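Novice: For the sequence shown, this note's numbering begins at 363 and goes up steadily by one.
One structure, as structure tokens, below. Some questions next.
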Amino acid sequence: MVTCGYCDHEVPADRFCCRCGNELGVAAYTGAGPGRRTRQYAAAPDEPAWALRFTSTLFPQLPNHAMTAFRVALVSGLALILALGIAGIFSVALAAAAVLVPLLTLLYLVDVDVYEDQPLVVVGLTMAWGAACGLGLGLWMQHLSTALDEQGWSGIGTTNALVRVVLVPVLSVLLALAGPLLLLRLPRFNDVLDGVIFGAASAVALWSTTVLVSAWPLTELGLQPQQDTGAWTLRLVELGILMPVIAAGAVGWASATMWLRYRASTRDRNALGFLGHPITGVVVAIVVVVAAALAQQVLGSLVRALVLAILAALGLLLLRRAIHVGLLDEADEYEPGPDVTCANCGRDTPTHTFCSRCGVALRALPKGASSESSTPGIETPGIETPGIETPGIETPGTATPGATPEVGA
363 MVTCGYCDHE VPADRFCCRC GNELGVAAYT GAGPGRRTRQ YAAAPDEPAW
413 ALRFTSTLFP QLPNHAMTAF RVALVSGLAL ILALGIAGIF SVALAAAAVL
463 VPLLTLLYLV DVDVYEDQPL VVVGLTMAWG AACGLGLGLW MQHLSTALDE
513 QGWSGIGTTN ALVRVVLVPV LSVLLALAGP LLLLRLPRFN DVLDGVIFGA
563 ASAVALWSTT VLVSAWPLTE LGLQPQQDTG AWTLRLVELG ILMPVIAAGA
613 VGWASATMWL RYRASTRDRN ALGFLGHPIT GVVVAIVVVV AAALAQQVLG
663 SLVRALVLAI LAALGLLLLR RAIHVGLLDE ADEYEPGPDV TCANCGRDTP
713 THTFCSRCGV ALRALPKGAS SESSTPGIET PGIETPGIET PGIETPGTAT
763 PGATPEVGA
């Protein structure tokens, strides 16, 4: 046993502290409170905490070997969209763009078993709820303007433009949050990470369904309409990649603030700072999504793509910060338990918050990854915090670290 220079606890003398994830032998970091470890990302210690990494941010509970498979699937899907767009098969490309991220998200939920033996409840209140709300919004948007040319600032004062730029984005954020918030009352879903994933999954399902349904009438133009191939292909990337990331980041952040407020211990409620209050978190989500809708309404193709890329980067950073804080907010609650096998590196590590061998947050691994190693009286890492469970949100529990150029909202 050695004393960690970061959290001052006695822990096994491995490479990393199993409580706080600090690399043993490295000088203690400065600061106080959750999220002090600013150099390494809790879900992937080989990556910086502040970094624009797509896969490890959107799919934080994947071990390294599974992360590679998801990267390949994402790149392959993007390549297919680009190929269809360049070939001018826009209707098929639009459908592929709309389902790419939601399909990967659904496969992710199944792969990591995030629903803890309640698949119908979780998938129904995240993906299915988002898709149902997106269907309603998409049908409504079919009656709004879907002109192929840029509308610009001159049309921003029209009723249809205001609905698309303000009303639909606000409704999309609130509706995407509604389903996951019903899961907030279930005691077993008490991890901040759960809130982030539920919110992000609901958001991408809602956004993609809205785009697909609202743009469906444009398939009447034919399989290969006579349009600018470059502009359409760029728009497909915006709709299939950038906008789902923006939606996931914004709603995932807002959902994380809810879980942090009602599921984390009192000392951790301010871990995300001023922007981490539930009301502020929802406002931040609305502002980001409205800004994206405004960019789509008034900007030209290249400038619009640049603005959406910046907003997508902001969404990734918000999501990554929420995940990082959620995984660090519990290091002092209980003593290390018997060894379990880390699903990331395959080596034995004490049952606690982090793997003492590779430094990954055990709560960030699939919930059933080490169920075979569970010991009576000690919950498996990534499932529940031993002895901590609250009946409802009134008494907070403890967070467990664990188509066309104008189509779309």
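Yeah, the Cβ is synthetic: ideal placement off N, Cα and C, and Gly gets one too.
The structure displayed is predicted, hence computed values, not measured ones.
1) For G677, I'd like the list of residues in its chain whose CB is within less than 7 angstroms of its CB, leaving aside the five on either flank, ordered along the chain.
2) What are the boundary residues of the alpha helix (DSSP H) that T619 is part of?
3) Looking at C-beta atoms only, is the number of pairs between the segment 448-457 and the segment 590-604 that lie closer than 8 angstroms three or more?
4) Under a three-way DSSP split, which group does F421 fall into?
5) Mind checking which residues open and close the beta strand (DSSP E) that includes G492?
6) What three-state label does DSSP hand P700 in the structure shown?
7) Straight-line CA distance for V646 to A563?
8) Counting only the same chain and skipping the five closest in sequence on each side, list residues whose C-beta sits under 6 angstroms from that of G561.
9) Contact check, G492 vs A538 under 8 angstroms by CB: the rounded distance?
10) Quick test of your reading: S576 and Q504, contact by CB under 8 angstroms. State the CB separation rounded to the nearest angstrom.
11) Report the three-state DSSP secondary structure of E364 (helix, strand or coil).
12) Please name the residue, chosen from V558, H686, A435, that lies closest to A633 on a Cα-to-Cα basis.
13) Under the three-state reduction of DSSP, which class applies to L414: helix, strand or coil?
14) Looking at the structure shown, is A375 part of a helix, part of a strand, or coil, going by DSSP?
15) Between R433 and chain D, is any beta-carbon pair separated by less than 8 angstroms?
16) Alpha carbon to alpha carbon, how far is L446 from A655?
17) On the three-state DSSP scale, how would you describe E385?
18) Cβ atoms of V463 and V566: under 8 angstroms apart, would you say?
19) Under a Cβ-count criterion, where at least 16 other Cβ atoms within 10 Å of its own Cβ denotes burial, should V373 be classed as buried or exposed?
20) Which value, in whole angstroms, describes the spacing of the CA atoms of G496 and G486?
21) Check for me: the alpha helix (DSSP H) holding P549 runs from which residue to which?
22) Per DSSP, which one or two residues make a beta bridge with T572?
23) Going by C-alpha to C-alpha distance, which of P712, F551, M363 sits closest to L622?
24) Hey, would you say L499 sits closer than 8 angstroms to L533, going by beta carbons?
25) Since I believe L724 is in contact with S663 (beta carbons under 8 angstroms), could you give me their beta-carbon distance rounded to a whole number of angstroms?
26) Helix, strand or coil for D473? Go by DSSP, reduced to three states.
Specialist: This is what the structure gives:
1) V607, I608, A610, G611, A612, V650
2) 605-625
3) yes
4) coil
5) No beta strand (DSSP E) contains G492, which is instead part of the alpha helix (DSSP H) from 491-503.
6) strand
7) 18 angstroms
8) P542, V613, G614, S617
9) 6 angstroms
10) 6 angstroms
11) The question names Glu, but residue 364 is Val in the sequence shown. V364: strand per DSSP, three-state reduction.
12) H686
13) coil
14) coil
15) Among the chains of the structure shown, chain D does not appear; only one protein chain is present.
16) 25 angstroms
17) strand
18) yes
19) buried
20) 14 angstroms
21) No alpha helix (DSSP H) contains P549, which DSSP labels as neither H nor E.
22) For T572, which the question treats as bridged, DSSP gives no partner whatsoever.
23) F551
24) yes
25) Incorrect: roughly 45 angstroms between the Cβ atoms, too far for contact.
26) helix
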